[in-house]
Structure formats: structure tokens, C-alpha cells
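Beneath this line is the structure, given in C-alpha cells, with notes to follow.
Chains as they are written, first to last, in this note's numbering: chain A, 3 to 115; chain B, 1317 to 1429.
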């Protein structure tokens, strides 16, 4: 069974802090994704990565960056956290191919004060 | 821009009632279609998917969905819901020319015992 592990379930940070969210998958998946989930808006794609060292902007990349130095790990970085980045953040991974399902982590509920 | 629309945002049913959740997408080319479910406190998990073949697909826990290409729809159905089906349901579409999965806004299903 695929396991996608996000480093924190809950996180509280202050405005202006640099925040790191970590995600690790154990199934050698090439593709990894970061979403944010907000009520009434569904999941919105922030960034994704097709493979190591590769990254592509999603639909809402502003204020975020990512790092993929190893295949199994995909990090989301909030450069200078703001209150409008308070949200649930979901990481996902999948094998290459649009028909492949994505496998999700449990999510990190991030609050920016 | 490609989009996915779920018509019902909040559905309340009694146990044993039949369920149909609507999903429409805006893209004229080849698509891969998914329904995901998020039970309270759990991660998103795949219910079912369609990428080719029989347009009526069966998933886990008695769910099924029908792809109607002419209507750009992929509605989710279950003949008889249970209290344990209480969850949030997301329709998602992946087009053949992008690696991105686009999610609908989600439908919250509440099943009364």
C-alpha cells in the first residue's frame, strides 16, 4: 500500500516566518503534488514535480516555492507566511501517466497568526 | 480554462436512499476521470476512475459512475447509502495534454441513521 507521509498534522506559525512543509512517499513515484484545500473551493494545485529536481507551477503558486532534491521527498516552502495562507495542505504522489490515481497524505492544517 | 463543476455542495439523505452526485467538466479532448472520497479525519482516497473502455465504472463500497461524453459528465451513484458513507466527495479530471488534476469544489454528503 502506498504511504504518503506529511511531517506535521497541525502547525501554527507567525506572519512573516519561513515555513517548511515536508512530504515523503515510499512507492518510488515519479510525480508529486502540493495542494491547498479550502471549504467551498475544493483542492487547488500549488506546485507539482514530474521527477527529481523538476518543478512546475500549478494554479496558485504565488507566495510558495518547492524543492525536490530526492525522488521520495517533496517540500513546500512558504517564503514569508501570511494569514491568507492559513489552510489545509495536501501532498500527493503518483506514477507517471494521467490515468494513474494520486495517493494523498493526511494533510497539514497550517494556521498563520 | 478547464474546470470541473459539482452541482451539489451539501446533500443530506436518510439511510437506504439512493445517491447521485453530479459532475461536469469543460474540456473537449481526451480525459481521465476520478472520484475521490474524504471521510472525516482521513486522507483522500480513490473511489473509482475512468480512462477508457466501458463508460460505466464500478468502484469500492458499492459506488459506480457513468461517463457520458456528449454531456461532459461523470456522475457518481450508489443505490442505497449507509451512515458510513458520510464524507466529502470530489470529482477530478485529468486532461491528456497536461499532468494536472483539476478538482471540483466538493460535495459534503451527510447520511442520517
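Backbone N, C-alpha and C define an ideal beta-carbon position, used for all residues, glycine too.
CB contact check: residue i to chain B, cutoff 7 Å
i	result
residue 65 of chain A	no
residue 108 of chain A	yes
residue 101 of chain A	yes
residue 18 of chain A	no
residue 13 of chain A	no
residue 45 of chain A	yes
Proximity test, Cβ basis, 7 Å: residue i and chain A
i	result
residue 1426 of chain B	no
residue 1398 of chain B	no
residue 1326 of chain B	no
residue 1444 of chain B	Because chain B is modelled from 1317 through 1429, residue 1444 of chain B falls outside the range shown and cannot be assessed.
residue 1421 of chain B	yes
residue 1374 of chain B	no
residue 1385 of chain B	no
residue 1362 of chain B	yes
residue 1359 of chain B	yes
Backbone secondary structure at residue i - three-state DSSP
i	result
residue 1402 of chain B	coil
residue 1322 of chain B	coil
residue 85 of chain A	helix
residue 31 of chain A	coil
residue 15 of chain A	strand
Extent of the continuous beta strand (DSSP E) to which residue i belongs
i	result
residue 1426 of chain B	1423–1428
residue 44 of chain A	44–51
residue 71 of chain A	66–72
residue 62 of chain A	Unbroken run through residue 62 of chain A: none, as it is neither H nor E.
residue 80 of chain A	75–80
residue 111 of chain A	110–114
Exposure of residue i, with buried meaning 16 or more beta-carbon neighbours within 10 Å
i	result
residue 34 of chain A	buried
residue 22 of chain A	exposed
residue 8 of chain A	buried
residue 36 of chain A	buried
residue 5 of chain A	exposed
residue 1355 of chain B	exposed
residue 77 of chain A	buried
residue 100 of chain A	buried
Kindly provide the ranges of any beta strand (DSSP E) runs that are 3 or more residues long and lie completely inside the stretch 1324–1398 of chain B, ordered along the chain.
The stretch 1324–1398 of chain B contains these whole beta strand (DSSP E) runs: 1326–1330, 1335–1337, 1347–1354, 1361–1366, 1372–1374, 1380–1384, 1389–1394.
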